[in-house]
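Residue numbers (the working numbering), protein chains in the order written: chain A, -9 to 261; chain B, 98 to 444; chain C, 9 to 368. Quick notes on the structure that follows.
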């Protein structure tokens, strides 16, 4: 990590994730207080209160975990699909590869959120596993293409030596060659997929397409919208807080991946 | 006769991560009208940098730190190319001196047809009605033995390497320049195409009479095309003279080494005499004469001071403290009894 | 094979060669691929709506039967009209009916207003999204590419750094969140924009027609969604164009162009620009799909009655035929956009037109 902004992004990212995952262990119970509705920030409530008088800061800290967890799951699922099918397609070639490429192109073409909306209409998306699977099911095309390209180029190299290797050895070697080479790239893609999944998930909650079971960031936005909190100046933080949290998450991610990109593509570096 | 190009003490630096590096360390020479000068040397000796510097085409990290490049225009006026403004330089380029680059693979815009690129070149300098322009372009293509009908509507990727190189040569002649600089004109081409290009260049020089500087590592090419030859080493010219003088009586040990390293096509493949060691890093040049670590004639004074070019004959200079001692015997190119034997036994 | 059979023996081989040659033409391959994509999505939708357990058709039939006590046959016939295929018939026939119906423009009828055809409804809402998304993506791409090129030419300068920073910031905010921020800040807090008035695709009482008044009114209402689309996607273009221009500037033919004494303006447009802009085209199609997807969110925030708005409405009301129709129409639109951008790319880059122009 040579770039300063990239490193800063990395730190912020890790911090956010830590707070979201570990924070909820330390937060007090939420108290519903109808007399303290939409209070502006004060000593007692650092970010004010929501439509039910509950503290926003607490909700913010609590609200990250469900969303990030699903995001991580979705990221993992899509990364797995991408790696497995990308290398399979490149390694086996022929019609298997053609099928994989075609499916990839199709999934890439149809807008993800629209498919999600249609699925949401048919099934109740309450379990985090189900959400993660659905989100991960459409996010793999980019990474698959890159993995496939890498395996292709490696396959060319290994071809000469393959004649001297046992058949059993080649896939084993491919996997031992690919992973170290692509580790950083895969990591980066995982993080990007994870964040995109979070964004899509929050969107689903916001639109009311996924049932709200706990106080996560998406739920906060949904309530803010449906209860008209956007249109009152007092309830500013109710809307602003989750937005800022998600934006900071993406911003730290973007700076991180930008500096990653500069490392991988030396021509973008300043001399 | 007045020279058409006079280079004096040219120094070119590159900015690198390890600090500034001098790729050209004080080069001086003259180019006379209609003559052909070859710049010969190994990779990294600075010959390409020198070629680029003459037209101020150095990449971003390179710059001319000192020296003069004086050019005599057709009207007799002499200008220092290094002092020209951007617009003056743009107008100078191609109409007075043109350059044909190394590796013709990527010298043409892949998205434009040849005819459009030719047109661009002319239009940037002259106003010409379309039909006159068309005739000029077709004319110049025929001069390099290309069929205009085939080449003009084509995209660069549709042409072979040899054809592209000829297109580039043709393009360089569009504005009838006084000087043509060629960087490795035959590298990356197969033998037959090389031959064709060399023939074309001969023809063109005879017909149009431009002065030519060509940069190469290919000695036999220099023997064919050059009137004068300069050998370069570690950023300086270390020998300069007429082609016959240099090839028959080289006076710098490096030139001798280069000549000795060319295997003969005829006769036995006797031991290849290569020059021991490798070219020095420009970041850490040896003290005194840069060739001294690899030189068979080296002595104490060679390490002490770097030699300048000094006369060894009429129009022949060499930069060596011991130039008077340097000798070279060419191996006779005859087939001896040993090779007859090989042929007889059916090899 | 008798001697007189030699003629038919030659023809199949010739036919095969002709087919192969046609297939080699890039355009044909590309169009076939698009048709295949649409076909697959249509089939997928059919599968979702008809074949999965608890599918809407079954639910509808059951509801009709239990609520109105009609027979299975009658309920099925009703469903046939609504869903554009008859559940009574065997499955392959349903599928065939569905496909042929599609080709004729029969996508069924809305569950909630059974006399209105789905196609009709979709085409009421679609133009608004096409208008706002199309305009947004074009502005964003055009402006972003120019800025990206500028950043590459002035690499390391203050323009480069500022624009990089701005694009990073913009890139970080999901589009609907930016939309909400705009509403919150400019609409409510600072009271600069008349948010209430800007809702919807056009002001109430104004009739859609090709008059200047209407167009300016439509622009007024579309300005906020368009702004959001532009701001959230421009960062991507700037980055792509900058990287591509940086790569192109280091190419040999640019040095040669300078050596030829070409004017800087000519080099920037026909030599650098044309080459650097190539990677933008595949990106264009992907971005379009992405923004269309985002329209479901942005249109909700601004209450803009486009296809995204309709989609959400239909989901909430469980109006399945309409949903099916939207999915199909959006897919066709995005696939068509992809096709156009790929064909444009092959027009611009003559190297692709030869045999085997793989885009990946």
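From the three backbone atoms N, C-alpha and C, an ideal C-beta is built for every residue, glycine too.
Cβ-based contacts, 8 Å cut-off: residues of the segment 173 to 206 of chain A near chain C
189, 192, 193, 196, 197, 198 and 199
Run down chain A in chain order and give the residues with a C-beta less than 8 Å from the C-beta of residue 297 of chain C.
Residue mapping note: residue 297 of chain C aligns to position 289 of the third chain, counting from 1. Near residue 297 of chain C (Cβ distances below 8 Å), the residues of chain A are 98, 99, 100 and 101.
Residues of the segment 266 to 297 of chain B whose Cβ lies closer than 8 Å to any Cβ of chain C, in chain order:
268
Which of helix, strand or coil DSSP assigns to residue 101 of chain A
Start at 1 with the first residue of the first chain, and residue 101 of chain A comes out as number 111. Reduced to three states, the DSSP call for residue 101 of chain A is coil.
Whole-number beta carbon distance between residue 126 of chain A and residue 68 of chain A, since they are thought to touch under 8 Å:
Mapped onto the first chain, residue 68 of chain A falls at position 78. Mapped onto the first chain, residue 126 of chain A falls at position 136. Contact holds; Cβ gap of about 4 Å.
Amino acids of chain B, ordered along the chain, whose beta-carbon sits closer than 7 Å to that of residue 264 of chain C:
Position 256 of the third chain, counted from the start, is the residue given in the question as residue 264 of chain C. The answer, in chain order, is 198 and 204.
Could you spell out the range, first to last residue, of the beta strand (DSSP E) harbouring residue 311 of chain B?
In the second chain, residue 311 of chain B corresponds to position 214, counting from 1. First-last of the beta strand (DSSP E) with residue 311 of chain B: 308 to 313.
If the criterion is Cβ atoms closer than 8 Å, does the pair residue 379 of chain B and residue 331 of chain B meet it?
In the second chain, counting from the first residue as 1, residue 379 of chain B sits at position 282. In the second chain, counting from the first residue as 1, residue 331 of chain B sits at position 234. Against a cut-off of 8 Å, the Cβ pair of residue 331 of chain B and residue 379 of chain B comes out as a contact.
Tell me the residue span of the alpha helix (DSSP H) that contains residue 56 of chain B.
Outside the shown range of chain B (98 to 444) lies residue 56 of chain B, about which nothing can therefore be said.
Across which residues does DSSP place residue 280 of chain B in a beta bridge pair?
Here residue 280 of chain B refers to the residue found at position 183 when the second chain is read from its first residue. Paired residues: B/312.
Using a Cβ cut-off of 8 Å (strictly closer), state whether residue 181 of chain C contacts chain A.
To locate residue 181 of chain C, count along the third chain from 1; it is residue 173. So, interface residue.
Residue 249 of chain C, enclosing alpha helix (DSSP H) - first and last residue
Here residue 249 of chain C corresponds to residue number 241 of the third chain, with the count starting at 1. Per DSSP, residue 249 of chain C belongs to the alpha helix (DSSP H) from 220 to 257.
Opening and closing residue of the beta strand (DSSP E) in which residue 193 of chain B lies:
Your numbering for residue 193 of chain B matches position 96 in the second chain. Segment: none, residue 193 of chain B is in no beta strand (DSSP E) and carries neither H nor E.
For a cutoff of 8 Å on Cβ pairs, would you count residue 88 of chain C as touching chain B?
Translated into the one-based positions of the third chain, residue 88 of chain C becomes position 80. Residue 88 of chain C does not count as touching chain B.
Anyone know if the C-beta pair for residue 187 of chain A and residue 323 of chain C falls short of 8 Å?
Position 197 of the first chain, counted from the start, is the residue given in the question as residue 187 of chain A. Position 315 of the third chain, counted from the start, is the residue given in the question as residue 323 of chain C. No. Outside cutoff.
Nearest to residue 339 of chain C by CA position, among A/100, A/61 and A/2, is which residue?
Walking along the third chain from the start, residue 339 of chain C turns up at place 331. Residue A/100 is the option with its Cα nearest to residue 339 of chain C.
DSSP three-state assignment for residue 88 of chain A, whether helix, strand or coil:
Indexing the first chain from 1 puts residue 88 of chain A at position 98. The answer is helix: DSSP assigns residue 88 of chain A an H, G or I state.
Please check if any C-beta of chain B sits within less than 8 Å of the C-beta of residue 356 of chain C.
What you label residue 356 of chain C is simply residue 348 of the third chain in a count that begins at 1. Yes - at least one Cβ of chain B is within 8 Å of the one on residue 356 of chain C.
Rounded to the nearest angstrom, what separates residue 241 of chain C and residue 305 of chain C at their Cα positions?
Within the third chain, numbered from 1, the residue matching residue 241 of chain C stands at position 233. Within the third chain, numbered from 1, the residue matching residue 305 of chain C stands at position 297. Approximately 15 Å, taken between the alpha carbons.
Are there three or more Cβ pairs, one per stretch, closer than 8 Å when the segment 130 to 138 of chain B is compared with the segment 321 to 330 of chain B?
yes
Along chain F, in chain order, which residues have C-beta atoms closer than 8 Å to that of residue 269 of chain C?
Within the model displayed, chain F is absent; protein chains A, B and C are what it includes.
Which residues DSSP lists as bridging residue 381 of chain B, in chain order:
As a first step, residue 381 of chain B must be located in the second chain, where it is residue number 284. In DSSP, residue 381 of chain B forms no bridge with anything.
In this structure, what does DSSP give as the bridge partners for residue 107 of chain B?
As a working note, residue 107 of chain B is residue 10 in the second chain. Residue 107 of chain B pairs with B/124.
Give the single residue among B/262, B/235, B/259 and B/258 whose Cα lies nearest to the Cα of residue 250 of chain B.
Taking the first residue of the second chain as position 1, residue 250 of chain B is located at position 153. Measuring from the Cα of residue 250 of chain B, the nearest candidate turns out to be B/235.
CB-CB under 8 Å to residue 243 of chain A, same chain, minus the five flanking residues each way: which ones, in chain order?
Numbered from 1 along the first chain, position 253 holds the residue referred to as residue 243 of chain A. Closer than 8 Å at Cβ, skipping near neighbours: -1, 3, 181, 182 and 185.
Who are the Cβ neighbours of residue 19 of chain C in its own chain at under 7 Å, not counting the five residues just before and after it?
As a position in the third chain, residue 19 of chain C is number 11, starting the count at 1. Taken in chain order, the list of residues that qualify is empty.
Name, going along the chain, the residues of the segment 109 to 131 of chain B whose beta-carbon falls closer than 9 Å to a beta-carbon of chain C.
none
Would you mind giving the Cβ-Cβ distance between residue 260 of chain B and residue 238 of chain B, rounded to the nearest angstrom? I have them listed as a contact below 8 Å.
Along the second chain, one-based indexing puts residue 260 of chain B at 163. Along the second chain, one-based indexing puts residue 238 of chain B at 141. With a Cβ gap of about 10 Å, residue 260 of chain B and residue 238 of chain B do not count as contacting.
Using CA atoms only, rank isn't needed, just tell me which of B/115, B/262 and B/372 is closest to residue 297 of chain B.
Here the question's residue 297 of chain B lines up with position 200 in the second chain. Selected option, being the one with the closest Cα: B/262.
Any beta carbon of chain B sitting closer than 8 Å to that of residue 34 of chain C?
Counting from one through the third chain, the residue named residue 34 of chain C turns up at place 26. Taking Cβ atoms only, chain B never reaches closer than 8 Å to residue 34 of chain C, which makes this a no.
Could you tell me which chain B residues have their CB closer than 7 Å to the CB of residue 279 of chain C, listed as they occur along the chain?
Against the third chain, residue 279 of chain C aligns to sequence position 271. The answer, in chain order, is 206.
Chain C beta carbons: is any one of them nearer than 8 Å to that of residue 181 of chain B?
By 1-based counting over the second chain, the position of residue 181 of chain B is 84. With 8 Å as the cut-off, residue 181 of chain B does not count as an interface residue toward chain C.
List in chain order: all unbroken alpha helix (DSSP H) runs of 4+ residues lying wholly within the segment 118 to 195 of chain C.
126 to 161, 166 to 180 and 183 to 190
Which residue's Cα is closest to the Cα of residue 228 of chain C: C/243, C/167, C/190 and C/140?
Locating residue 228 of chain C in the third chain gives position 220, counting from the first residue. Selected option, being the one with the closest Cα: C/140.
So, does the CB of residue 301 of chain C fall closer than 8 Å to a CB anywhere in chain A?
Here the question's residue 301 of chain C lines up with position 293 in the third chain. Yes, contact with chain A.
For chain C, find out if any of its Cβ atoms is closer than 8 Å to the Cβ of residue 252 of chain B; answer yes or no.
Within the second chain, the letter at position 155 stands for residue 252 of chain B. Yes, residue 252 of chain B counts as interfacial toward chain C.
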